[in-house]
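In this note's numbering, the protein residues as written are 3 to 116.
Contents: one structure, followed by commentary.
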């Protein structure tokens, strides 16, 4: 028997993952006894940071107040929270800001150790 084309086709609803709700992260900045500022990591690191070289696109360049196409270090980290949520974190460091510092040789240095 041919289908009636005047009725809309029934499409099954997509499977929905059981969401546990938002995870609140404490990202406060503290001042150390040495007069430096530090932030707590958003969770436990899952793997070694991935360091790549990239260039600033127009939006990133405007946000960092650098020229479009300026070379950047991109450091990607993956964390997990106590609740089991995974957090991707990307840090962009302009080459000009890294030159003459330990970041030039080790751009994957944890921000709290700078």
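We treat Cβ as the ideally placed atom computed from N, Cα and C, and that holds for glycine.
Residue 71, buried or exposed, once every other Cβ within 10 Å from all chains shown has been counted against 16:
Here residue 71 refers to the residue found at position 69 of the chain shown. Counting Cβ neighbours within 10 Å, residue 71 comes out exposed, since fewer than 16 surround it.
What first and last residue would you give for the alpha helix (DSSP H) that runs through residue 60?
Here the question's residue 60 lines up with position 58 in the chain shown. Looking at the DSSP string, the run of the alpha helix (DSSP H) that includes residue 60 is 60-66.
Starting from the Cα of residue 56, find the closest Cα among 101, 76, 82 and give me that residue.
By 1-based counting over the chain shown, the position of residue 56 is 54. It is 76.
How far does the alpha helix (DSSP H) with residue 99 in it reach, from first residue to last?
Taking the first residue of the chain shown as position 1, residue 99 is located at position 97. Residue 99 -> alpha helix (DSSP H) spans 97-100.
Just list the residues that DSSP pairs residue 94 with in beta bridges.
In the chain shown, counting from the first residue as 1, residue 94 sits at position 92. According to DSSP, which records beta bridges pairwise, residue 94 is partnered with 76.
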